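What follows is a single structure, written as structure tokens, with notes after it.
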Amino acid sequence: MAMDLSLLPDQQDSAPSLMIQEVMDDHALDRWAEVCTNGFNMPREVLDVMAEAILPGGFGEQASIRCFLAYQNEIPVACSALSLGAGVAGIYSVTTLPVARKQGIGAVVTAHPLYIARDLGYRVGILQASSMGFPVYQRLGFEECCSFALYA
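What the sequence shown shows, in my numbering, is residues 419 to 570, in sequence order.
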């Protein structure tokens with residue numbers, strides 16, 4: 419899916435009890451990996467490999483992959499990742515813990531890094547959507563531009 423970032427709607431009021439923070443250290447990255455593991459129901463080993471890939475890039479604006487955690491009442495409930503390159507903002511690893519789903523949190527944790535990308539001058543956002551995330555991304559303004567089948 420892809421979208422023109424100038425069309426990104428304002429999501430600030432959709433989840434007032436939510437706070438989004440960028441992952442800025444190893445401890446926060448571990449919390450991000452835990453949310454990602456539980457949200458996707460994946461083996462922790464998969465996320466440990468992802469964390470190892472992220473760590474060499476560092477944290478903050480210089481990082482090749484920037485990770486974000488969404489907190490509800492100071493508890494991490496969702497995550498996402500942003501990869502900037504070739505003039506495109508890629509969104510990855512978007513998930514919300516089952517206990518916090520159906521509250522608009524997925525949309526907020528997706529939109530937050532896209533606002534950052536837009537402020538940095540990026541004009542296009544891309545992502546791969548699961549069937550669960552597809553309607554969320556459509557409401558944000560993403561349009562399907564291709565599809566492919568995965569064998570698991």
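By construction, the Cβ of each residue, glycine as well, lies at the ideal position given by its N, Cα and C atoms. The model shown is predicted, which means the values in this text are computed figures rather than measured ones.
Check: For the candidate residues ASP444, PHE486, VAL506 and ASN456, whose alpha-carbon lies nearest to that of GLY476?; Outcome: ASP444
Check: Does the beta-carbon of ARG541 have 16 or more other beta-carbons within 10 angstroms, so that it is buried, or is it exposed?; Outcome: exposed
Check: Taking only heavy atoms of the ligand FAD into account, decide whether any of them is closer than 6 Å to the Cβ of CYS485.; Outcome: No copy of the ligand FAD appears in this structure; indeed no ligand is present at all.
Check: Can you name the residues that DSSP bridges to PHE486?; Outcome: GLU440 and SER498
Check: At what residues does the beta strand (DSSP E) containing GLY543 begin and finish?; Outcome: 542–545
Check: For ARG557, which residues of its own chain have a beta-carbon under 7 Å away from its beta-carbon, when the five flanking residues on both sides are left out?; Outcome: ALA525
Check: With C-beta atoms as the reference, is ILE438 less than 7 Å away from PHE486?; Outcome: yes
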